[in-house]
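Notes to accompany the following structure.
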Amino acid sequence: MKRFARAGACLCLALLFAIAWVAAPAAPTASAASAATAAPGHAAIASAHPLATAAGLEILRNGGNAFDAAVAVSAALAVVEPTGSGLTGGGLYLLHRQSDGFETAIDAREFAPAAASRDMFLDAKGEPVPRLSTDSALAAGIPGEPAGMALLAAKYGKVPVARSLAPAIRLAREGFPLSARVHESLERRLAQFAGDPDVARNFLRDGAVPPVGTIIRQPELAATLEYLAQHGLDSFYHGKLAAQLVAGVRAQGGIWTEADLAAYRALERKPIVGQYRGARVVSVPPPSSGGIALIEALNILAQFDLSGVTPVQRKQLVIEAMRRVHRDRALYLGDPDFIDVPVSRLTSVDYAAGLAASIRLDRATPSASLPGIGAGAAAGPQTTHFSVLDGDGNRVAATITLNFFFGSGRMIAGTGLFLNNEMDDFSMKPGVPNGFGLVGADANAIAPHKRMLSSVTPVFVDAGSRVLIGGSPGGSRIIGMSLLATLAFLDGQSAAEIVAAPRFHQQYIPDAVQYEAGAFTDDEARALAGQGDLLEPAAYRWGNFQAVTWDRATGKVEAASDPRGEGGGAVE
Ligand code: GLY
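For the sequence shown, the numbering used here begins at 14 and goes up steadily by one.
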């Protein structure tokens, strides 16, 4: 029996899915000895769309494991949530294999084309050309998602890729009901999309966004997926499809070559691992900043007795940890194949102790007083995340992205694929903020075939008796969301509580604390402001956290999708 936990905007999909809080029936209590290795017996998936969650469950039922399900969910999200991710995007997949405890991170992050150069987004005076790194065909990195899915399936999966792609092909061919969220995103870009025959053919009716619930069919995307199912996911990078992709990008002024596509490889990297309050916390390494920043923040917080401080002091400590790790992100992080990333130092407890020493409980640290760089702005809710646990205990936490909503908003003619605008995640000039207000330095400068720095922070937390698989989209706010979720989980919160909790965020620059309604009580807000925090109430709620939890002691498995989105969590 399938049960779904879902919150957020109501969809016509409600008829397809029973929407209720989930908890798998508790298994008999395991002994302490067997609890560590026991399999959950139940599978769970949380993703940004109920149909993507259903696609993953279908594969689990049809012989696949969590890694096959991750391929199926990635492909389905590309169809039903084209705002957040797609085959022409990239991301990082965090994997845990239960049989031997092996953990790895699949780096499917895009890289810069060979013709890319350090100053390609600057004008003759050395100033950034507005929107060149976000809206033009130059904004697109060489995609990593198909290579990542191929690696997942070939090395860790059990079933043929064609089987895992089948639900996505069906959804693209037969259509899915337009959701409120995708509708709103289409409306926002209507002026651009109405002038693009490829987008208009797939998503508009008579030049307008059709009503919520309209069945959206994407025959060109279906054909692309069918081609990949037939020829293998690696055929994205060679031959007929690669030639079509390159021609389509170059026709719009882009610089991709077939050699760029042929040179792309998804890589396996060692995850970043830390210990906090007795729990093992695992996340992704560079080229994402997420894992290092998360562990560094937890190491800073470990210098304090959080149970011995007031609630407002605890929030101040989290704010100060966020401030410091984002400063380090800006200064030190980039593609580890191009620069020396000081991973050991940044994740060491001694280093964190040094950072913690400058934190005061009664006064915010001005960001400008920390050695660093630049100016900044705000962030948006793009990208997507899903979490998978299979009945054997294998786990995937994956955050995949096109960068902005629909990437650059440009389609590659005849393929049904949107171009990512991930090149904006590079630092185009030291100290100049990107679309998320994040600043960077030389470490993240553009270079041919270099991977742009990401913020994705998929996370596993293993607290002995309980396990969390989680992550969220949200641009620069992603790191803070995984930090807050880890703390909430270790405080005993359920999956549903973790995804729903109000959030706050500090990213070093701008020197402000953004917060959702309910994140601070009035008294807390007064106290934080009184000690120097510039508080900015958020105009909207951010993130779309997808959490799966497994309680080894009771056997209870939960899956919950963020009420800010329209996703679905399911256990069966
Ligand atoms: N494109 C957003 C990120 O990877 O951080």
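Cβ atoms here follow ideal geometry from the backbone N, Cα and C, with glycine treated the same way.
Nothing here was measured: the structure is a model prediction, and the numbers come from that model.
Along the length of the region 74–157, whole beta strand (DSSP E) runs at least 3 residues long occupy 103–109, 116–121, reported in chain order. In the structure shown, His462 adopts coil according to DSSP, grouped into three states. Our two residues, Arg176 and Ala242, have alpha carbons roughly 8 Å apart in a direct line.
Between the region 515–530 and the region 549–559 there are three or more inter-stretch CB-CB distances shorter than 8 Å, so the stretches are counted as touching. For the alpha helix (DSSP H) assignment, the uninterrupted runs of no fewer than 4 residues enclosed by the region 164–217 are, from N- to C-terminal side, 174–187, 193–201, 203–207, 210–216.
Counting along the chain, Ser357 sits inside the alpha helix (DSSP H) bounded by residues 356–359. Annotated three-state conformation of Thr237 is helix, per DSSP. By the criterion of a C-beta distance shorter than 7 Å, Leu73 is surrounded in its chain by Ala56, Ala82, Asp403, once the five residues flanking it on both sides are discounted.
DSSP places Tyr521 in the coil class of the three-state scheme, outside both helix and strand. Where Gly252 is concerned, there is no enclosing beta strand (DSSP E), although the alpha helix (DSSP H) around it starts and stops at 252–264.
Lys171 and Asn75 have their C-alpha atoms spaced approximately 10 Å apart. Taken atom to atom, the span from the alpha-carbon of Val512 to that of Ser485 is near 9 Å.
Per DSSP, reduced to three states, the secondary structure at Ser467 is strand.
Where Arg479 is concerned, the enclosing beta strand (DSSP E) starts and stops at 479–483.
A direct Cα-Cα distance of roughly 21 Å separates Gly444 from Leu151. Looking only at Leu500, Ser468, Ala460, the smallest Cα-Cα distance to Phe124 is reached by Ala460.
Where His339 is concerned, the enclosing alpha helix (DSSP H) starts and stops at 324–345.
Glu281 sits exposed, since fewer than 16 C-beta atoms from the chains shown fall within 10 Å of its C-beta. Glu579 and Thr323 have their alpha carbons spaced roughly 35 Å apart. A contact between stretches requires three or more CB pairs, one per stretch, nearer than 8 Å, and the region 151–166 meets this requirement with the region 91–104. For Ser495, the CB stays at least 8 Å from every heavy atom of the ligand GLY. At least one heavy atom of the ligand GLY lies closer than 8 Å to the C-beta of Val469. Taken from the Cβ of Asp438, at least one heavy atom of the ligand GLY lies inside 8 Å. Look at the beta carbons and you see the region 373–385 touching the region 535–555: at least three pairs across the two are nearer than 8 Å. For the pair of segments examined, the region 182–195 was found to touch the region 222–232: the number of CB pairs separated by less than 8 Å reaches three. Boundaries around Ser400 are those of the beta strand (DSSP E), 397–402, since no alpha helix (DSSP H) includes it. In the three-state reduction of the DSSP assignment, Phe502 falls in the helix class, which pools H, G and I. Residues of the same chain with a CB within less than 7 Å of the CB of Ala52, apart from the 5 flanking positions on each side, are Gln111, Gly404, Asp405, Gly406 in chain order. Under DSSP, Gln527 shares a beta bridge with His518, Glu549.
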